[in-house]
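Participant: Dropping a structure here in structure tokens format, bear with me for questions.
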Amino acid sequence: MSAEPRPGLPRLDRSLRSAPKAPVRIVHLGLGAFHRSHQAWYTQHAGDAADWGIAAFTGRSPRAADTLAEQDGLFTLVERSAAGDSYEVIGSIVEAVDGADVGRLAELVAAPDTAIVTLTITEAAYAVDASAGSAGSAGSSSTPIARLVAALAARRDAGSGPIAVVSCDNLADNGSVASQAIRALAEAREPALAAWIDANVSFVSTSVDRITPRTTAADLASVAESCAYRDEAAVVAEPFHNWILSGDFPAGRPQWEDAGAIFVDNLEPYENRKLWLLNGAHSILAYAGQVRGHATVAEALSDAVCRDAVESFWDEAARHLTDDALAIPEYRQALLERFGNARIAHLLSQIAADGTAKLRMRALPVLAAERAAGRSGDGAARMIAAWMTYVATTAEFQDPLAGDIREALTLDGEARCAALLALLSPELAQDRDLVGQLRGLQNAMTATIARS
Numbered sequence: 003m004s005a006e007p008r009p010g011l012p013r014l015d016r017s018l019r020s021a022p023k024a025p026v027r028i029v030h031l032g033l034g035a036f037h038r039s040h041q042a043w044y045t046q047h048a049g050d051a052a053d054w055g056i057a058a059f060t061g062r063s064p065r066a067a068d069t070l071a072e073q074d075g076l077f078t079l080v081e082r083s084a085a086g087d088s089y090e091v092i093g094s095i096v097e098a099v100d101g102a103d104v105g106r107l108a109e110l111v112a113a114p115d116t117a118i119v120t121l122t123i124t125e126a127a128y129a130v131d132a133s134a135g136s137a138g139s140a141g142s143s144s145t146p147i148a149r150l151v152a153a154l155a156a157r158r159d160a161g162s163g164p165i166a167v168v169s170c171d172n173l174a175d176n177g178s179v180a181s182q183a184i185r186a187l188a189e190a191r192e193p194a195l196a197a198w199i200d201a202n203v204s205f206v207s208t209s210v211d212r213i214t215p216r217t218t219a220a221d222l223a224s225v226a227e228s229c230a231y232r233d234e235a236a237v238v239a240e241p242f243h244n245w246i247l248s249g250d251f252p253a254g255r256p257q258w259e260d261a262g263a264i265f266v267d268n269l270e271p272y273e274n275r276k277l278w279l280l281n282g283a284h285s286i287l288a289y290a291g292q293v294r295g296h297a298t299v300a301e302a303l304s305d306a307v308c309r310d311a312v313e314s315f316w317d318e319a320a321r322h323l324t325d326d327a328l329a330i331p332e333y334r335q336a337l338l339e340r341f342g343n344a345r346i347a348h349l350l351s352q353i354a355a356d357g358t359a360k361l362r363m364r365a366l367p368v369l370a371a372e373r374a375a376g377r378s379g380d381g382a383a384r385m386i387a388a389w390m391t392y393v394a395t396t397a398e399f400q401d402p403l404a405g406d407i408r409e410a411l412t413l414d415g416e417a418r419c420a421a422l423l424a425l426l427s428p429e430l431a432q433d434r435d436l437v438g439q440l441r442g443l444q445n446a447m448t449a450t451i452a453r454s
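For the sequence shown, our numbering begins at 3 and goes up steadily by one.
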């Protein structure tokens, strides 16, 4: 995204703002707005930030790397609250690279000073075919995980020692998910590499949280007006931020706790709280909200139908979040306040992407827990029904199983419902009672649309 040019305003770079480059010790895959508002922000605010620079690689497009490279890695973080905006230049990214540059990725991961690889590659990116990791150039460049496996092979060959891989994607036990995906591709490429990874790579699980909507041209213009420079890589985020980590860092790590990061032995209760309450509510609002004609989280939350669906799901999820340390009532109230911040234009279309990957983590665990307790699980089922209604009424949607979804949509009635459910869980799709329940919830949703 580019701002309208303003004659006389300089472009943000390190000659304009003094920001010495720290040495690269972290490699990041998935350079985007969230990484910049979260891991890059935490690294900037670590007590030993001068020792920890990030080399960040893009995923699908080189655009973000090109833009950041022109600014020497600098960007403005706009913290947007109901009271106004504040601006901070972040300098922890010291190199921005096109993700297709597998040679540079291998070089940096193999470097002895590199201690950490962080990932924000989306939930769908972990579901890869092990054949992608087989030897050959196609396998080494096809997916983020396959590129990382090739880079880890380079580290092994260089004798550079242990390293930590830190997943920051919205998956339950994301460190284990990353480990399984990486090891499967390594085994397909070379069993000895898989053995080296077992002995030398730690996998850290995390729960990450900071609402970061897409930056708009108006946001870039606001930065230019307020800061007197042009910044085409600015990021807008809410003031709230949270990072909980569990795992080992055999080659060291930044003092992220200075910025508020929390290190725990058992991450599961915290990640479930975030996946179910925050991310689950986001999915309900994304699907039901768009079906009902809304564009942003704040708009959807103000709709009583959407709000009631969120609260119903939260009631169910809360029954399975029993640790008092989680402070569930306070967490729910804080989410309502965060979601209701109309100055954060968090687009529902952005949240709605990759539904088949997200719903497996956000809806199915709560649905299973409620049904095991002898209850209907209507709150979790309503999230799935909202997704089914959304894909059936939306011309364009983004999903790794988009072709399968469209094939399922050629069916009618409960057959369509069962086919869509099978994309989330083939086992559940055999449950006629659940299929009928979902069909009824879809009909009820359609009725509310007709009345609205």
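Just so you know, even glycine gets a beta-carbon here, dropped at the ideal spot from N, CA and C.
Cα separation between G61 and L369?
Facilitator: Taking the sequence shown and counting its residues from 1, one reaches residue 61 at position 59. Taking the sequence shown and counting its residues from 1, one reaches residue 369 at position 367. The straight-line gap from Cα to Cα measures roughly 33 Å.
Participant: If you draw a straight line from the C-alpha of L279 to the C-alpha of V299, how long is it?
Facilitator: Position 277 of the sequence shown, counting from 1, holds the residue named residue 279. Position 297 of the sequence shown, counting from 1, holds the residue named residue 299. Near 14 Å, if we compare the C-alpha coordinates of V299 and L279.
Participant: What is the DSSP secondary structure of H322, counted as helix, strand or coil?
Facilitator: Looking up residue 322 in the sequence shown gives position 320. H322: coil per DSSP, three-state reduction.
Participant: Grouping DSSP H, G and I as helix and E and B as strand, with all else coil, what is D87?
Facilitator: For the purposes of this step, residue 87 is taken as residue 85 along the sequence shown, with counting starting at 1. Here D87 sits in strand by DSSP.
Participant: Can you look up V111 in the DSSP assignment and give me helix, strand or coil?
Facilitator: As a working note, residue 111 is residue 109 in the sequence shown. V111: helix per DSSP, three-state reduction.
Participant: Quick check on DSSP: helix, strand or coil for D211?
Facilitator: Here residue 211 refers to the residue found at position 209 when the sequence shown is read from its first residue. D211 falls in the strand class under three-state DSSP.
Participant: Could you say if the stretch 79-86 and the stretch 336-346 meet the contact criterion of at least three C-beta pairs nearer than 8 Å?
Facilitator: Yes, the stretch 79-86 is in contact with the stretch 336-346.
Participant: Do L70 and A219 come within 8 Å of each other at the CB atom, strictly closer than that value?
Facilitator: Within the sequence shown, the letter at position 217 stands for residue 219. Within the sequence shown, the letter at position 68 stands for residue 70. It is not a contact, given that the beta carbons lie outside the stated cut-off.
Participant: I need the straight-line Cα distance from E273 to G442, nearest angstrom please.
Facilitator: Indexing the sequence shown from 1 puts residue 273 at position 271. Indexing the sequence shown from 1 puts residue 442 at position 440. Each residue's Cα considered, the two are about 31 Å apart.
Participant: Here's the rule I'm using: 16 or more other beta-carbon atoms within 10 Å means buried, otherwise exposed. How should W114 be labelled?
Facilitator: Sequence index remark: in the sequence shown, residue 114 carries index 112 (1-based). Per the sequence presented here, residue 114 reads as Pro, with Trp not at that position. It is exposed - the Cβ of P114 has fewer than 16 other Cβ atoms within 10 Å.
Participant: Bridge partners of T78, per DSSP?
Facilitator: Residue mapping note: residue 78 aligns to position 76 of the sequence shown, counting from 1. According to DSSP, T78 bridges with V91.
Participant: What's the gap between the Cα of L195 and the Cα of G177?
Facilitator: On the sequence shown, residue 195 is found 193 positions in, with the first residue counted as 1. On the sequence shown, residue 177 is found 175 positions in, with the first residue counted as 1. Roughly 19 Å separates the two Cα atoms.
Participant: Could you give the DSSP three-state label for T448: helix, strand or coil?
Facilitator: Locating residue 448 in the sequence shown gives position 446, where the first residue counts as 1. Note: T448 maps to helix in three-state DSSP.
Participant: Would you mind working out which of A117, L110, V91 and A67 sits nearest D100, comparing C-alpha positions?
Facilitator: Numbered from 1 along the sequence shown, position 98 holds the residue referred to as residue 100. Among A117, L110, V91 and A67, the Cα nearest to that of D100 belongs to A67.
Participant: Give every residue of the same chain whose Cβ lies closer than 6 Å to the Cβ of G291, excluding the five residues on either side of it in the sequence, and list them in chain order.
Facilitator: On the sequence shown, residue 291 is found 289 positions in, with the first residue counted as 1. Excluding positions up to five away in sequence, the list reads A302, C308 and L350.
Participant: Give every residue of the same chain whose Cβ lies closer than 6 Å to the Cβ of A112, excluding the five residues on either side of it in the sequence, and list them in chain order.
Facilitator: Position 110 of the sequence shown, counting from 1, holds the residue named residue 112. Cβ within range, chain order: A156, R157, A160 and S162.
Participant: What is the DSSP secondary structure of S139, counted as helix, strand or coil?
Facilitator: In the sequence shown, the residue the question calls residue 139 occupies position 137. Reliability fails at S139, whose pLDDT of 41 lies under 50, so the model's placement of it is uncertain and the value that follows must be treated cautiously. Here S139 sits in helix by DSSP.
Participant: Expressed to the nearest angstrom, what Euclidean distance is found between the alpha-carbon atoms of T116 and A197?
Facilitator: Here residue 116 refers to the residue found at position 114 of the sequence shown. Here residue 197 refers to the residue found at position 195 of the sequence shown. Whole-angstrom Cα-Cα distance: 21 Å.
Participant: Are there 16 or more other CB atoms within 10 angstroms of the CB of G135, so buried, or fewer, so exposed?
Facilitator: One-based indexing of the sequence shown puts residue 135 at position 133. Caution is warranted here: a pLDDT of 44 is assigned to G135, below 50, making its placement in the model unreliable, and the coordinate value is therefore given only provisionally. It counts as buried.
Participant: For a test of the three-state rule: what should DSSP assign to A239, helix, strand or coil?
Facilitator: The sequence position of residue 239 within the sequence shown is 237, counting from 1. Of the three classes helix, strand and coil, the one that applies to A239 here is strand, per DSSP.
Participant: Taking only the alpha-carbon atoms, compute the straight-line gap between L361 and A152 and give it to the nearest angstrom.
Facilitator: Along the sequence shown, one-based indexing puts residue 361 at 359. Along the sequence shown, one-based indexing puts residue 152 at 150. Straight-line Cα distance between these residues: approximately 30 Å.
Participant: Kindly indicate which residue of I147, S224, Q257 and A230 has the alpha-carbon position closest to the one of Q46.
Facilitator: Counting from 1 along the sequence shown, the entry for residue 46 is found at position 44. Comparing Cα positions, the closest option is Q257.
Participant: Alpha carbon to alpha carbon, how far is L323 from R275? Give it in angstroms, no decimals.
Facilitator: As a position in the sequence shown, residue 275 is number 273, starting the count at 1. As a position in the sequence shown, residue 323 is number 321, starting the count at 1. Distance between the alpha carbons of R275 and L323 is about 7 Å.
Participant: Do L426 and A410 come within 8 Å of each other at the CB atom, strictly closer than that value?
Facilitator: On the sequence shown, residue 410 is found 408 positions in, with the first residue counted as 1. On the sequence shown, residue 426 is found 424 positions in, with the first residue counted as 1. Going by C-beta atoms, A410 is not nearer than 8 Å to L426.
Participant: Look up A186 in the DSSP assignment and say whether it is helix, strand or coil.
Facilitator: Mapped onto the sequence shown, residue 186 falls at position 184. The answer is helix: DSSP assigns A186 an H, G or I state.
Participant: What do you reckon, are the CB atoms on L11 and A226 nearer than 8 Å?
Facilitator: As a position in the sequence shown, residue 11 is number 9, starting the count at 1. As a position in the sequence shown, residue 226 is number 224, starting the count at 1. Against a cut-off of 8 Å, the Cβ pair of A226 and L11 comes out as a contact.
Participant: Note the first and the last residue of the continuous alpha helix (DSSP H) segment covering G381.
Facilitator: Translated into positions along the sequence shown, residue 381 becomes position 379. Element bounds for G381: D380 to T395.
Participant: Restricting to Cα atoms, I'd like to know which of P402, N445, E332 and L150 is closest to V104.
Facilitator: Within the sequence shown, the letter at position 102 stands for residue 104. That would be L150, whose Cα lies nearest to the Cα of V104.
Participant: Which value, in whole angstroms, describes the spacing of the CA atoms of A188 and L222?
Facilitator: Mapped onto the sequence shown, residue 188 falls at position 186. Mapped onto the sequence shown, residue 222 falls at position 220. Using only the alpha carbons, I get a separation of about 42 Å.
Participant: Would the stretch 397-416 count as touching the stretch 374-388 if we require 3 or more Cβ pairs under 8 Å?
Facilitator: Result no; under three Cβ-Cβ pairs closer than 8 Å.
Participant: Hey, how far is the Cα of L436 from the Cα of P367?
Facilitator: Translated into the one-based positions of the sequence shown, residue 436 becomes position 434. Translated into the one-based positions of the sequence shown, residue 367 becomes position 365. Rounded to whole angstroms, L436 to P367 spans 15 Å at the Cα level.
Participant: P428 to L277, Cα distance in whole Å?
Facilitator: Residue mapping note: residue 428 aligns to position 426 of the sequence shown, counting from 1. Residue mapping note: residue 277 aligns to position 275 of the sequence shown, counting from 1. The straight-line gap from Cα to Cα measures roughly 22 Å.
Participant: By Cβ distance, which residues of its chain are closer than 6 Å to V119, with the 5 residues on each side in sequence left out?
Facilitator: In the sequence shown, residue 119 corresponds to position 117, counting from 1. Result list for V119: V29 and V167, in chain order.
Participant: Which class does H37 belong to by DSSP, given the choice of helix, strand or coil?
Facilitator: Taking the first residue of the sequence shown as 1, we reach residue 37 at position 35. Three-state result, H37: helix.
Participant: Return yes when the Cβ of V210 is within less than 8 Å of the Cβ of S248, no when it is not.
Facilitator: The residue you call residue 248 lines up with position 246 of the sequence shown. The residue you call residue 210 lines up with position 208 of the sequence shown. Cβ atoms of S248 and V210: not closer than 8 Å.
Participant: Provide the residue span of the beta strand (DSSP E) that contains F59, from first to last.
Facilitator: Taking the sequence shown and counting its residues from 1, the one referred to as residue 59 is at position 57. Taken as a continuous stretch (DSSP letters only), the beta strand (DSSP E) holding F59 covers G55 to F59.
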